[in-house]
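In the numbering used here, the protein residues as written are 3 to 203.
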């Protein structure tokens with residue numbers, strides 16, 4: 003359709019989708035949650051390093067805080083801002099939408115792209131943290147474990163939406179989120195490789 007090739011339409015369409023996702027979002031709550039959980043994480047890491055005799059890594063802890071921040075962000079976007087009890091459905095079919103279908107099919111393409119982008123920062127932060135914590139295992143194992151954690155995180159979000167009635171449990175969302183997390187981990191690996199090659203020059 004003509005408007006698919008119109009950059010102004012596409013920009014307006016995605017702006018509408020993003021505004022819809024941020025409706026009811028609270029920055030104050032995001033910062034409060036991040037602060038509380040970061041203090042809990044700091045106490046846990048401090049106790050762990052004291053008991054195991056390992057060195058406390060500031061860089062690794064900063065990436066943990068970023069993960070906590072983004073987890074709280076995802077919680078608000080996917081669950082908190084939505085009215086509970088409005089949805090209790092499960093969709094196990096894979097629906098990627100179509101640019102050559104009706105308006106609903108075209109909207110589904112947009113939602114799939116947003117679900118991918120939604121998890122890219124999560125994958126980046128997760129990949130960086132795993133590489134900092136396990137430098138000797140910063141290969142395929144880091145990528146696989148990060149993808150697994152992204153899959154679990156997405157599944158937890160979808161199950162929480164189903165239980166609370168704040169959204170539909172969709173297998174498509176889990177796949178798109180996991181794909182986004184995978185893309186984020188790969189980006190983290192590429193950035194790490196580029197930085198290390200520059201240091202060695």
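Positions of the beta carbon are idealized from the N, C-alpha and C atoms, including for glycine.
Within 8 Å, strictly: CB atoms of residue i and residue j
i, j, result
"residue 37", "residue 78", "no"
"residue 96", "residue 177", "yes"
"residue 87", "residue 15", "no"
"residue 19", "residue 128", "no"
"residue 171", "residue 93", "yes"
"residue 131", "residue 73", "no"
"residue 153", "residue 180", "yes"
"residue 67", "residue 28", "no"
"residue 90", "residue 167", "yes"
Supposed close pair residue i, residue j - CB separation, criterion 8 Å
i, j, result
"residue 43", "residue 70", "6 Å"
"residue 56", "residue 134", "About 13 Å; that fails the 8 Å criterion."
"residue 159", "residue 80", "5 Å"
"residue 26", "residue 122", "Not a contact, Cβ separation roughly 23 Å."
"residue 119", "residue 110", "Actually they are not in contact, since the Cβ atoms of residue 119 and residue 110 sit about 15 Å apart, beyond 8 Å."
Cβ neighbour criterion (16 or more within 10 Å) applied to residue i
i, result
"residue 17", "exposed"
"residue 151", "buried"
"residue 124", "buried"
"residue 21", "exposed"
"residue 24", "exposed"
"residue 146", "exposed"
"residue 126", "buried"
"residue 54", "exposed"
"residue 156", "buried"
"residue 190", "buried"
"residue 141", "exposed"
Beta bridge counterpart(s) of residue i as assigned by DSSP
i, result
"residue 171", "92"
Within the segment 97-158, note down every full alpha helix (DSSP H) run reaching 4 residues or more, in order along the chain. 105-135
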